[in-house]
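Number of protein chains: 4
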Amino acid sequence: MFEALKREAWAANQLLPQYGLISLTFGNASVVDRDRGVVAIKPSGVAYADLQPEDMVLVDLDGRAVGHGSLRPSSDTPTHVCLYRAFPLVRAVVHTHSRAATAFAQAEMAIPCLGTTHADYFRGEIPVTEPLLPAQIDGDYEWETGNAIVARFASLDPSERPGVLVARHGPFAWGPDGARAAESAFAMELLAEMALATLRLRPDSSPMPSTLMERHFSRKHGGTAYYGQGPRA
Amino acid sequence: MFEALKREAWAANQLLPQYGLISLTFGNASVVDRDRGVVAIKPSGVAYADLQPEDMVLVDLDGRAVGHGSLRPSSDTPTHVCLYRAFPLVRAVVHTHSRAATAFAQAEMAIPCLGTTHADYFRGEIPVTEPLLPAQIDGDYEWETGNAIVARFASLDPSERPGVLVARHGPFAWGPDGARAAESAFAMELLAEMALATLRLRPDSSPMPSTLMERHFSRKHGGTAYYGQGPRA
Amino acid sequence: MFEALKREAWAANQLLPQYGLISLTFGNASVVDRDRGVVAIKPSGVAYADLQPEDMVLVDLDGRAVGHGSLRPSSDTPTHVCLYRAFPLVRAVVHTHSRAATAFAQAEMAIPCLGTTHADYFRGEIPVTEPLLPAQIDGDYEWETGNAIVARFASLDPSERPGVLVARHGPFAWGPDGARAAESAFAMELLAEMALATLRLRPDSSPMPSTLMERHFSRKHGGTAYYGQGPRA
Amino acid sequence: MFEALKREAWAANQLLPQYGLISLTFGNASVVDRDRGVVAIKPSGVAYADLQPEDMVLVDLDGRAVGHGSLRPSSDTPTHVCLYRAFPLVRAVVHTHSRAATAFAQAEMAIPCLGTTHADYFRGEIPVTEPLLPAQIDGDYEWETGNAIVARFASLDPSERPGVLVARHGPFAWGPDGARAAESAFAMELLAEMALATLRLRPDSSPMPSTLMERHFSRKHGGTAYYGQGPRA
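Protein chains in written order, with the working numbering: chain A, 790 to 1022; chain B, 790 to 1022; chain C, 790 to 1022; chain D, 790 to 1022.
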């Protein structure tokens, strides 16, 4: 039961060190089965190299354990669940502490949309959340982290911006499946590195022209896309 | 038919991840057969690890498909074709989103000629194109990208500067064969990294003296070259 | 005799190049047997790849050789011994010249606590020692280096900050066993890299809010920890 | 004949890509046989992976070919020869275009002595040469490069500073054998990287105190050294 779900979540977790996004045991990926309301997520504090598909922990959309798992789920599980509840088209969530994206999060700065590499993945800047209030930090902290992300997307479309920076923390990314959520997390790090270098060359860089941004985003996304070999399975 | 052409294009594409210039499916390389007017180019959005020589897509110098290929060519194909039509000595074109060169492109800054490593490859700065107009972006965008490169080289010699930065986008490089076009793309990234660090140490760096630049360029290029073991095949 | 101790010290030394913290023969790790008052430490100037567990050198807590070792202990041995004497809960010490942490040490700047990655390991900034006086440098230099660390921790808890920067030199880290001391050294380098990038984006970055710092530190450390799969062996 | 000399030169050349100091075919290493006045040096423009010990080219201390080599020596051969003639204790010379050291050379800035990692290798800053005059560039350019290095060391000891930055070009390093010349080249890159990061954190960094510098240099070098396992063969 839930074997395919666990395998997809495990494969997404394996992509994170392959993409160079992970140090030590930081980070986690999950995938949701929308029909059955079950999420498979990385266990807390386990080394990636040791993970097996059957180690993935199952929780429901209230964050409660499903079945008799012997491992504790990631401490960030409530954040994942919160995003699944708020973003109905999201099927996978990834969290990393990748270096350049985390630097933007620590600086509480959005990653500006400076070129076509960015526009191939994000329609506009990669936003940063508002800081949590002390009461939110002392309360249900990980759930409130999810709420801060959802609040930031009140007027944004999570399908057009598959990721966010949590202030003082790091990046969360998502997508329609585990592989694409991991790819979004990788793109966030790549875009953060390029933005760091661009801002070093030209500290007052303005965002790219919107015509060019729209052209590139629509080249890869939506009904008029003409990049790639047609729709992915 | 065109087997050698496809193999050379495939080999040039394989060099891009080997040189560390590629993330995800970004980038593409092509090679032209001048006698028959046919270009072999990477298919769009295919992972480099999965590419086989026979996957290379054939197009003519109007960008129209040649033969019965089952794959779609790179979305940047019109840019490649435009360069082949304007630069008669170019036999191979490479496009990447390599990080440091892309940062210069995003900052819309040429890479200044700061030292002999640069002069070994480029006779002067690596230029950056003018931004496209909205009508060009909304029109035949990839063809107009090629036009912007050609316009930038109105008074420059593409044999003396085997690459360019497309504003807000990234580097294009070229050469007399696939391997040397890929080498030019690698050199652009190396020079961009060194220039970033040099400008950090000395933000007002002036270009290197022209006598030294000319000496190094001519050490490796043209009739008076004395670097290496003689002309390459 | 002391075979397990030598093996743990050897394994900690092996982690340093695996974590990418080591260039050439720089750096060293040691582990103490508190009951018997014996320290196993890397021999001086030996390449990591050539090290065998039996090469670890034994010294007592006065820094004197134990047994008939044929190799000379690390020249930093007196620093390690000084820390073991002053910090009773520390069982392993690691010293590296990792690049970003050494840059902070060379700048004589503490690594500020800028985000949750930092707070997962250190409760507050990573401190930097006061410079040694000429008489200390010309005297028992390596012992005085240890004294400078101990002086810096007069009002700090080494269990809450498992590392320090020695001014103009580089990082020392520690922990309850060899693996965790090496992990602290790795965390110091990671935090230094992220801080470097954060300070580049926002030179006047303030430390993270203390509520958030305390939440993250206590999520992983102490009686209320809920990260991971329970206490480690 | 000269088989051991060729093998030592070949091994030093192989260390350069292993140390990550080489891009493409840049760089070269040589070793001299003082008794017979013969230098073995890398052939010009050959890929490191293809090099065999027998490919090393032999020249005398006037830079003239020795024996019937089929390959052309490195175009930088006159610089190597010039250094061997001026620095009698030097037995091996290495030239690279390693990135951070080249950035300092391009900025025409010495690498300041900022911490103990530096003092373990260089007694004071790593100097940069004066720019060549146009007549020197147009004349015997590579020989004049050697002269500029020698002039810079008029009041410096090449045994205490085993390397130099050639202005607008890159680093040259040396040592008493091929392995230690390559190690000096690696140290120059490491020190340049650390200095870049230190100067980013504190642009007005002063050099380290001379007492500390002298202590560290003499810990590893000269009659009072106590680092390592005793004198190397």
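We put the beta carbon where it would ideally sit given N, CA and C, even for glycine. Bear in mind that the values here come from a model prediction, so they are computed numbers and not experimental data.
Let me know the secondary structure DSSP gives residue i once reduced to three states.
i               : result
L1001 (chain D) : helix
S819 (chain A)  : strand
V955 (chain B)  : strand
G935 (chain B)  : helix
R1021 (chain D) : Because the pLDDT at R1021 (chain D) is just 43, under 50, the model does not fix this residue reliably, and the value given afterwards should be weighed accordingly. The answer is coil: DSSP assigns R1021 (chain D) none of H, G, I, E or B.
E914 (chain A)  : coil
I811 (chain B)  : coil
P754 (chain C)  : Because residue 754 (chain C) is not part of the residues shown, which for chain C are 790 to 1022, the question remains open.
P832 (chain C)  : strand
P862 (chain A)  : strand
S948 (chain D)  : coil
H869 (chain D)  : helix
M983 (chain C)  : helix
A892 (chain A)  : helix
F791 (chain C)  : coil
D909 (chain B)  : coil
L921 (chain D)  : coil
D839 (chain A)  : helix
L878 (chain B)  : coil
Within 10 angstroms of the Cβ of residue i, are there 16 or more other Cβ atoms? Answer buried if so, exposed if not.
i               : result
R1008 (chain C) : buried
R1021 (chain B) : Its pLDDT being 43, under 50, R1021 (chain B) is placed unreliably by the model, and nothing is read from it.
T1013 (chain C) : exposed
A924 (chain C)  : exposed
G834 (chain A)  : buried
R823 (chain C)  : exposed
A798 (chain B)  : buried
Y873 (chain A)  : buried
P877 (chain A)  : exposed
E949 (chain B)  : exposed
E897 (chain A)  : buried
G967 (chain C)  : buried
S944 (chain D)  : exposed
Y930 (chain D)  : buried
E914 (chain C)  : buried
H886 (chain B)  : buried
D849 (chain D)  : exposed
G964 (chain B)  : buried
M1023 (chain D) : Nothing in the structure corresponds to residue 1023 (chain D), since chain D is present only between 790 and 1022.
Do you know whose CA, among the options, lies nearest residue i's CA?
i              : options                             : result
P951 (chain B) : B:Q895, B:M977 and B:A986           : B:M977
V870 (chain D) : D:V879, D:H884 and D:G852           : D:G852
N817 (chain B) : B:L980, B:P965 and B:A974           : B:A974
F911 (chain B) : B:T918, B:L922, B:A899 and B:L921   : B:A899
T891 (chain C) : C:P842, C:V917 and C:A875           : C:V917
W932 (chain B) : B:M983, B:V953, B:R941 and B:S864   : B:S864
M997 (chain C) : A:A956, A:G1017, A:R969 and A:Y1016 : A:A956
R861 (chain B) : B:A829, B:G913 and B:S994           : B:A829
A981 (chain B) : D:R888, D:G959 and D:E982           : D:R888
A801 (chain A) : A:A943, A:Q895, A:A970 and A:T987   : A:A970
A894 (chain D) : B:S994, B:H1005, B:Y1015 and B:N936 : B:S994
G904 (chain A) : A:Y808, A:G826, A:S999 and A:L805   : A:S999
K831 (chain B) : B:P867, B:D909, B:G928 and B:L954   : B:P867
V827 (chain D) : D:A937, D:L847 and D:I811           : D:L847
V821 (chain D) : D:H1005, D:P992, D:M845 and D:L805  : D:M845
Residues bridged to residue i by DSSP?
i              : result
P992 (chain B) : Answer by DSSP bridge pairing: none, since P992 (chain B) is not bridged.
D849 (chain C) : C:V827
F961 (chain D) : D:H884 and D:V953
G854 (chain B) : The displayed chain sequence assigns Ala, not Gly, to residue 854 (chain B). In DSSP, A854 (chain B) forms a bridge with B:V848.
I926 (chain B) : For I926 (chain B), which the question treats as bridged, DSSP gives no partner whatsoever.
Consider the Cβ of residue i: report whether some Cβ of chain E lies at a distance smaller than 9 angstroms.
i               : result
Q1018 (chain B) : In summary, chain E is missing from the structure at hand, where the protein chains are A, B, C and D.
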